[in-house]
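Reading through the structure tokens given below for one structure.
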Amino acid sequence: GPAEPAGAVGTGQPALGSAAVPDGHHRAALFVASQSAYKRFSELLPREERENACSARVPKSQILTLPELRANPFQHRICHVFSTSETQDGSMSFEDFLDMLSVFSDSATSDIKSCYAFRIFDFDNDGTLDRKDLEQLVNCLTGQGEESRLSSAEMEQLIQNILEESDIDKDGTINLAEFQHVVSRSPDF
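Take the sequence shown: its letter number 140 is residue 624 in my numbering, and every next letter is one higher.
Structure below.
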């Protein structure tokens, strides 16, 4: 949207302490990005919590209303991966929110993007993509409707193809290095 005047963020204090902002030419860009993220984060909070947005948590149900996530088949996994909530409810602090937006931004390197994509696709959080993870990944992408779901034979064939393409050490799973190797050959990732 249009640029907001600097004081528009509620309390009049900078969104981040100066210690959090690195020196050099990144400072202005980072400050603008964090200001706009702060504004978006605040708007997800109930009005009475907005003054203390820095210490508030936005519930997962609100995070899922963001345009970036609304149509994303991995929306629940994204909340899980970026949320630091101790109760694992997918809620986000401002820091979590900023991390998520920065990984989604054009300025994130493909290494950072692929590292987070790997964590999002690792449904059982065991550090590798195994057949079960790949099956869930495919189901997320094809949708849950009867007509769009793959038959078990098609699924088996697809997972076989993915593993043949990606599983370099042939252990039946894809680790982060293998995943990043495949991604590095996909220019549109």
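The beta-carbon is built from N, C-alpha and C at its ideal position, and this holds for glycine as well. For clarity, every value in this text was computed on a predicted model and none was experimentally measured.
Exposed or buried, what is residue i when buried is set at 16 or more other beta-carbons lying within 10 Å of its beta-carbon?
{"i": "D608", "result": "exposed"}
{"i": "R561", "result": "buried"}
{"i": "S567", "result": "buried"}
{"i": "Q559", "result": "buried"}
{"i": "P506", "result": "The predicted model places P506 with a pLDDT of 47, which falls under 50 and marks its position as unreliable, so this point remains unresolved."}
{"i": "S636", "result": "exposed"}
{"i": "S598", "result": "buried"}
{"i": "I658", "result": "buried"}
{"i": "I596", "result": "exposed"}
{"i": "I652", "result": "exposed"}
{"i": "A499", "result": "Legend: pLDDT at A499 = 44, less than 50; position of this residue unreliable, value from coordinates given subsequently. With 16 or more Cβ atoms within 10 Å of its Cβ, A499 is classed as buried."}
{"i": "K654", "result": "exposed"}
Between residue i and residue j, is the Cβ-Cβ spacing less than 8 angstroms?
{"i": "F525", "j": "A513", "result": "no"}
{"i": "L634", "j": "P557", "result": "no"}
If distances are taken between C-alpha atoms only, which option among the options comes closest to residue i?
{"i": "R615", "options": "R554, H564, Q641", "result": "Q641"}
{"i": "G694", "options": "A517, V565, R531", "result": "Summary: the structure shown does not reach residue 694, with the chain confined to residues 485 through 673, and so no result is reported for it."}
{"i": "A517", "options": "E535, F581, R534", "result": "F581"}
{"i": "D672", "options": "D655, D590, L660", "result": "D590"}
{"i": "G627", "options": "G656, L550, A555, E532", "result": "A555"}
{"i": "L613", "options": "E533, E570, I646, Q546", "result": "I646"}
{"i": "R669", "options": "D655, S632, E649", "result": "E649"}
Comparing the CB of residue i with every heavy atom of the ligand NAP, is any distance shorter than 7 angstroms?
{"i": "Q559", "result": "Of ligands this structure carries none, so the ligand NAP is not represented either."}
Between residue i and chain D, is there a C-beta pair that is closer than 8 angstroms?
{"i": "V622", "result": "The displayed structure is made up of one protein chain only, and chain D is not part of it."}
_When you compare the stretch 531-549 with the stretch 569-584, are there three or more beta-carbon pairs, one atom per stretch, that lie closer than 8 angstroms?_
The stretch 531-549, when compared against the stretch 569-584, does touch it at the 8 angstroms Cβ threshold.
Original post:
Is there contact between the stretch 617-627 and the stretch 592-608, where contact requires at least three CB pairs shorter than 8 angstroms?
Top reply: Using a Cβ-Cβ distance cut-off of 8 angstroms, the stretch 617-627 and the stretch 592-608 are in contact, since at least three pairs of beta carbons, one from each stretch, lie closer than that value.
Counting Cβ pairs closer than 8 angstroms, one from the stretch 591-603 and one from the stretch 662-671, do we hit at least three? yes
Meets three-Cβ-pair contact criterion under 8 angstroms: the stretch 513-523 and the stretch 582-589: Yes: the two stretches touch, three or more of their Cβ pairs being nearer than 8 angstroms.
*asked:* Ignoring anything shorter than 4 residues, give me the alpha helix (DSSP H) runs that lie fully in the stretch 502-561, in order along the chain.
replied: With a minimum length of 4 residues, the continuous alpha helix (DSSP H) runs that stay inside the stretch 502-561 are 510-527, 544-547, 551-554.
* Ordered list of alpha helix (DSSP H) runs contained in the stretch 569-638, each at least 4 residues -> 578-588, 594-605, 615-626
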